[in-house]
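Its first residue numbered 1, the sequence shown is counted upward by one per residue in this note's numbering.
These notes concern the structure reproduced below.
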Amino acid sequence: MNDQPDLFGAPSSSSGSTGGGPPAYVVPYPIAVNTLTRTLDMLRAAERWPWDPDMKAARMERNVPRMLAVLPPEEAADWRARINAEAARLDAAAATAA
């Protein structure tokens with residue numbers, strides 16, 4: 001009688017769902033490398049941080065780690081070192097300008 005799904009996310013009894021929610025999205029390797037390449041290129045071209053503090057946090061604290069998690073450990077370490085070097089350069093430039 002109750003075939004309508006719950007509006008708050010509980011699966012209906014007739015859906016056959018075992019629970020647990022949808023599968024987690026895993027970023028495909030080519031997209032991760034492309035995103036990291038674009039980010040690194042943007043940082044290298046910048047004389048100061050190209051983003052406001054909120055966007056900087058979103059990119060550097062959330063997006064970059066998510067992209068690095070897709071890569072093999074050695075490759076991730078290389079990308080991390082290159083991105084961190086540019087971040088340190090931009091932080092130093094910001095400290096000098098302040």
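Yeah, the Cβ is synthetic: ideal placement off N, Cα and C, and Gly gets one too.
Keep in mind the model is a prediction, meaning the values are calculated, not measured.
Along the chain, where does the alpha helix (DSSP H) that runs through Asn84 open and close? Pro73 to Ala97
Since Val70 contacts Val27 with CB under 8 angstroms, what's their CB separation in whole angstroms? 5 angstroms
Pick from Ala95, Ala58, Trp79 and Ala98: whose alpha carbon is nearest that of Val33? Trp79
Answer yes or no: do Met67 and Leu36 have a C-beta to C-beta separation smaller than 9 angstroms? yes
Return helix, strand or coil for Ala24, following the three-state DSSP convention. coil
Skipping 5 residues on each side, what residues in its chain have a beta carbon closer than 6 angstroms to that of Leu43? Glu86
Between the C-alpha atoms of Arg48 and Ala97, what's the straight-line distance to the nearest angstrom? 9 angstroms
Neighbourhood of Tyr29 by C-beta, 8 angstroms cutoff - its chain only, sequence neighbours within 5 removed: Val70 and Leu71
If we count the other Cβ atoms within 10 Å of its Cβ and call it buried at 16 or more, is Ile83 buried or exposed? buried
In chain order, what residues of the same chain lie with their CB nearer than 7 angstroms to the CB of Lys56, ignoring the 5 residues before and after it? Trp49
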